[in-house]
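J.:
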Amino acid sequence: MSNIHALVPAHTSLDFVGASSAVCDAVLRLRGETLHAALGGAAAGLLSSSRGRFVPGAGVAAPFGPGPVLRQVVAGVSEQFGIYEVAGRGSYTVEDARQLEGLAHLTASLMQVHSLAQRSTHAYAQMEAQLAHQSQILDQIHESVLTMDQMGYITSWNRGAEELFGYTGLEAIGRNILFLYADEDEDMPDAFAEQGGRMMEVKRRKKSGEVFWASLSLSPLRDLAERPIGLIAYLTDITERKQAEEQLHHLAYYDELTGLPNRTLFARLVDQALMVAQRNETSGCVLFMDLNRFKRINDTLGRRIGDELLRQVAQRVRDTLRDEDVVARLSGDEFAVGLFDIRQHFEATTVARKLQLALDAPFLIGGHDLRVGASIGISVYPQDGSDAETLLGLADIAMERAKQAAANPDRSVAFYSQDMNQGMQERMRIESGLRQALGNGELILYYQPKFEIGSDRIVGAEALVRWVHPTRGIVPPSEFIPLAETTGLIVQVGEWVLEQACAQAAIWQRAGVPPFRLAVNVSAREFTASLPERVAETLARYQLDPSWLELEITESTLMHDFERVTGIMDHINKLGVALSLDDFGTGYSSLSYLKRFPIDTLKIDRSFTTGIPVDGSDCAIAGTIISMARQLGLRVIAEGVETVEQLDFLREAGCDEVQGYLYSKPLPAFDFERCLRENWLLVA
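Mapping the sequence shown onto full-length UniProt numbering, position 88 (from 1) lands on 88, and the numbers just tick up by one.
This is the structure in structure tokens:
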């Protein structure tokens, strides 16, 4: 009311206030002739006149009767609302004119505000009608339309969205758009909207839990100042189209019978893997596998049996390989495998052997006991070729060579390159023989004594495996131990060594031989959480006191998962079994970790012992190892000691024990026991 009062002269009497109140009430409540009559009455009352009227608009009014008439235009800034006319008094003063003028100003202001309010109300009504109209349009279209703010919270939701997702507007509005995502890792679109719209294909989840494919179009939502305030999303269900596309893709790139990639997809996947191999400067191999006896089975028993056989062969092949390996059915009974995460090309022979072994078990189909084998050819990247088709073609040639040259096609494997082929044949011959040796009792243990420097007393022995081949005689460990580690046979060999060493120690224990540490080598592959339990069960089975056993682990074993390795070592220690660190100085283990491992002994590798005392570097390394071990409270043993000069240096440096041909070569159990008893007599 302050603006209205500002229009009233300061000296206005109470009558003016009453007239103003009457005008305000009339403008707010009345319309038409009733309003005009009320305004005229207020003007007449203000000037104590018998007649007063309000003439609307800017037209000329009819005469108002005899006597003086006081008139005042009622006008706003750009509009004239009417004229006040007052009559019925003998005369009117200047003061009367001023009061009527004040009332006219007040009336004009009130009518202008009221007119603006009416126009605003009408505009809002029109806007509401327009929004309702647009909402009806949005609800009638089939497409799902929704809007969200910049944080991803839904602000509107049309009927198409309700039908598509199954949520009503009340359930969806106010929630974050993420609740509709089928992929939790999908990113919220943000900055792209500032540059325009975007089309994409996405997965979304309905209220029922069903996941579907949708075509999503996003456009920026802006305010009146063209500032981005959110996004408009248009979604259409394209699940049927995507399924059709996936079906076409599967038909184009996958074998319909086995579900494996076909030749086209295999070539693409291999070429992609070769690009990675080229960047990483690593090798890769392609294996071409052809089934033996399949054609005869297919021709004899029919296609239905043959197809099922191929499906089962494909499943065995897939189960044999790693997830990262690429496998395909090329055509008929031909399969291909791509290997790229391998350290050496000859590891492909191990995979080839596993594939052949996977086919050994019979296939029981339709009441038939069916057997097939496979001949395998191998090509190597980058030596043989640099693209998939070249490698595949050369592997095919190698497969034909393998099938023709071998006495047993089911075990035939050949590299395309002759030099690789010769090496592979030798490796496979040794591997096959080693597998037989484990089952035929061809492995035996030799024992190399460990002597204490100063007393020359035997304080222990290392159990060393030897392979007594029926035709070749004793096979050097350097020939079969690395191969056993590569193929995984080292685990079986290690289990056999532990078993035999404990069995022999138990014999000596029962014979009254004073306890000494019998060291058994444990490979990194064996050093798993199951090792302590296996050691405990073996000791219990032979009723062997734990003081007889020592496990030698290589430094490389410590390189992986410090907490896990330490836990395994602690369990072994609790059994009362000693631990020795073999080949010390050849690996990369942290010396700060060394003091935290529960180790009893460090063994200086023979590669350092050989140069003593001529090679200054070897002398420095050996001396440092001995000094460090003493600081850590560990015993030190040097292996490969063959000369008196080496022994003298080690004695002066403070080494505790030695092992080598200067004292004794590895001996069979009977000879070692005789050496042990002779040593008792010598040092007694």
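Glycine included, C-beta positions come from ideal geometry on N, C-alpha and C.
Let me know if N521 comes out buried or exposed under the rule of 16 or more other beta-carbons within 10 Å of its beta-carbon.
T.: In the sequence shown, residue 521 corresponds to position 521, counting from 1. Buried, by the Cβ-count rule.
J.: Can you name the residues that DSSP bridges to M200?
T.: The residue labelled residue 200 in the question sits at position 200 within the sequence shown. Answer by DSSP bridge pairing, in chain order: L216.
J.: Flag this pair as yes or no: are the beta carbons of K207 and G166 separated by less than 8 Å?
T.: Here residue 207 corresponds to residue number 207 of the sequence shown, with the count starting at 1. Here residue 166 corresponds to residue number 166 of the sequence shown, with the count starting at 1. Against a cut-off of 8 Å, the Cβ pair of G166 and K207 comes out as a contact.
J.: For the UniProt domain "GGDEF" (282–418), list the beta strand (DSSP E) runs that are entirely contained and at least 3 residues long, ordered along the chain.
T.: For the UniProt domain "GGDEF" (282–418), whole beta strand (DSSP E) runs of length 3 or above, ordered along the chain, are 284–292, 326–331, 334–339, 363–365, 368–370, 373–381, 413–415.
J.: Judging by CA-CA distance, which residue of P482, G52, G393 is the nearest neighbour of A524?
T.: As a position in the sequence shown, residue 524 is number 524, starting the count at 1. Ranking P482, G52, G393 by Cα distance to A524 puts P482 first.
J.: In its own chain, which residues sit with a C-beta less than 6 Å from the C-beta of L30, not counting the 5 before and 5 after it?
T.: One-based indexing of the sequence shown puts residue 30 at position 30. Closer than 6 Å at the Cβ level, and outside the excluded window around L30, lie A38.
J.: Taking the straight line between their C-alpha atoms, what separation do you get for L364 and G306?
T.: Numbered from 1 along the sequence shown, position 364 holds the residue referred to as residue 364. Numbered from 1 along the sequence shown, position 306 holds the residue referred to as residue 306. So the alpha carbons of these two residues sit roughly 12 Å apart.
J.: Can you say whether L248 is buried or exposed, counting buried as having 16 or more other CB atoms within 10 angstroms of its CB?
T.: Looking up residue 248 in the sequence shown gives position 248. Exposed, since its Cβ has fewer than 16 Cβ neighbours within 10 Å.
J.: What distance in whole Å lies between the Cβ atoms of R316 and A358, which are believed to be in contact at a cut-off of 8 Å?
T.: Sequence index remark: in the sequence shown, residue 358 carries index 358 (1-based). Sequence index remark: in the sequence shown, residue 316 carries index 316 (1-based). Right, their Cβ atoms sit about 5 Å apart.
J.: Closest to S144 by CA distance: which of V468, Q118, R159, T239 is it?
T.: Start at 1 with the first residue of the sequence shown, and residue 144 comes out as number 144. Of V468, Q118, R159, T239, the residue nearest in Cα terms is R159.
J.: In chain order, what residues of the same chain lie with their CB nearer than 6 Å to the CB of E678, ignoring the 5 residues before and after it?
T.: On the sequence shown, position 678 is the one that residue 678 refers to. So no residue of the chain qualifies.
J.: Out of L235, L221, R329, point me to the one whose CA is closest to L257's CA.
T.: Residue numbering aside, residue 257 sits at position 257 when the sequence shown is read from its first letter. Here the closest residue by C-alpha is R329.
J.: Considering only their Cβ atoms, is the gap separating A43 from L116 smaller than 8 Å?
T.: Along the sequence shown, read from residue 1 onward, the residue named residue 116 stands at position 116. Along the sequence shown, read from residue 1 onward, the residue named residue 43 stands at position 43. No. Outside cutoff.
J.: Once the 5 residues before and after Y153 are set aside, which same chain residues still bring their CB inside 6 Å of it?
T.: Here residue 153 corresponds to residue number 153 of the sequence shown, with the count starting at 1. Only N176 meet the Cβ criterion.
J.: Would you call W467 buried or exposed, if buried means 16 or more other Cβ atoms sit within 10 Å of its Cβ?
T.: Sequence index remark: in the sequence shown, residue 467 carries index 467 (1-based). With 16 or more Cβ atoms within 10 Å of its Cβ, W467 is classed as buried.
J.: Based on the DSSP output, what are the partners of H571 in its beta bridges?
T.: In the sequence shown, counting from the first residue as 1, residue 571 sits at position 571. DSSP lists no partner for H571.
J.: What does DSSP give as the partner residue(s) for L518 in the beta ladder?
T.: As a position in the sequence shown, residue 518 is number 518, starting the count at 1. Looking at the DSSP assignment, L518 forms a beta bridge with A461, L549.
J.: When the distance is taken between beta carbons, is I568 closer than 8 Å to F527?
T.: Indexing the sequence shown from 1 puts residue 527 at position 527. Indexing the sequence shown from 1 puts residue 568 at position 568. Closer than 8 Å, so yes.
J.: In angstroms with no decimal places, state the Cα-to-Cα distance between D180 and S217.
T.: The residue given as residue 180 occupies position 180 in the sequence shown. The residue given as residue 217 occupies position 217 in the sequence shown. Asp is not the amino acid found at residue 180; the sequence shown has Leu there. For L180 and S217, the distance between alpha carbons rounds to 16 Å.
J.: Could you pull out every residue in the same chain whose Cβ sits closer than 8 Å to the Cβ of F670, ignoring the five residues on either side in sequence?
T.: Here residue 670 is taken as the residue at index 670 of the sequence shown, counted from 1. Counting only Cβ-Cβ distances below 8 Å, and skipping sequence neighbours, we find nothing.
J.: How should M148 be labelled, buried or exposed, when 16 other C-beta atoms within 10 angstroms of its C-beta is the threshold for buried?
T.: The sequence position of residue 148 within the sequence shown is 148, counting from 1. So M148 counts as buried.
J.: Given that a residue counts as buried once 16 or more other Cβ atoms are within 10 Å of its Cβ, and exposed if not, what is residue 713?
T.: Nothing in the structure corresponds to residue 713, since the chain is present only between 1 and 684.
J.: By the 10 Å Cβ neighbour count, where 16 or more other Cβ atoms means buried, how is Y588 classified, buried or exposed?
T.: Here residue 588 refers to the residue found at position 588 when the sequence shown is read from its first residue. Because the pLDDT of Y588 is 48, which lies under 50, any placement of that residue in the model is unreliable, and the number read from its coordinates should be weighed accordingly. Exposed, since its Cβ has fewer than 16 Cβ neighbours within 10 Å.
J.: Rounded to a whole number of angstroms, what is the C-alpha to C-alpha distance between P362 and R371?
T.: In the sequence shown, counting from the first residue as 1, residue 362 sits at position 362. In the sequence shown, counting from the first residue as 1, residue 371 sits at position 371. P362 and R371: Cα-Cα distance of roughly 5 Å.
J.: Check for me: the beta strand (DSSP E) holding L579 runs from which residue to which?
T.: One-based indexing of the sequence shown puts residue 579 at position 579. Taken as a continuous stretch (DSSP letters only), the beta strand (DSSP E) holding L579 covers 578–584.
J.: Using C-beta distances below 8 Å, list every residue in its chain close to E246, excluding the 5 sequence neighbours before and after it, in chain order.
T.: Taking the first residue of the sequence shown as position 1, residue 246 is located at position 246. Counting only Cβ-Cβ distances below 8 Å, and skipping sequence neighbours, we find nothing.
J.: Is the segment 395–406 touching the segment 453–462 in the sense that three or more CB pairs, one from each, lie closer than 8 Å?
T.: Counting Cβ pairs under 8 Å, fewer than three are found: no touch.
J.: Looking at the structure shown, is D237 part of a helix, part of a strand, or coil, going by DSSP?
T.: Along the sequence shown, one-based indexing puts residue 237 at 237. Here D237 sits in strand by DSSP.
J.: For the alpha helix (DSSP H) containing residue 754, name the first residue and the last one.
T.: Any question about residue 754 goes unanswered here, given that the chain covers just 1 to 684.
J.: When we look at the beta-carbon of A501 and count the other beta-carbons within 10 Å, is it buried (16 or more) or exposed?
T.: Along the sequence shown, read from residue 1 onward, the residue named residue 501 stands at position 501. With 16 or more Cβ atoms within 10 Å of its Cβ, A501 is classed as buried.
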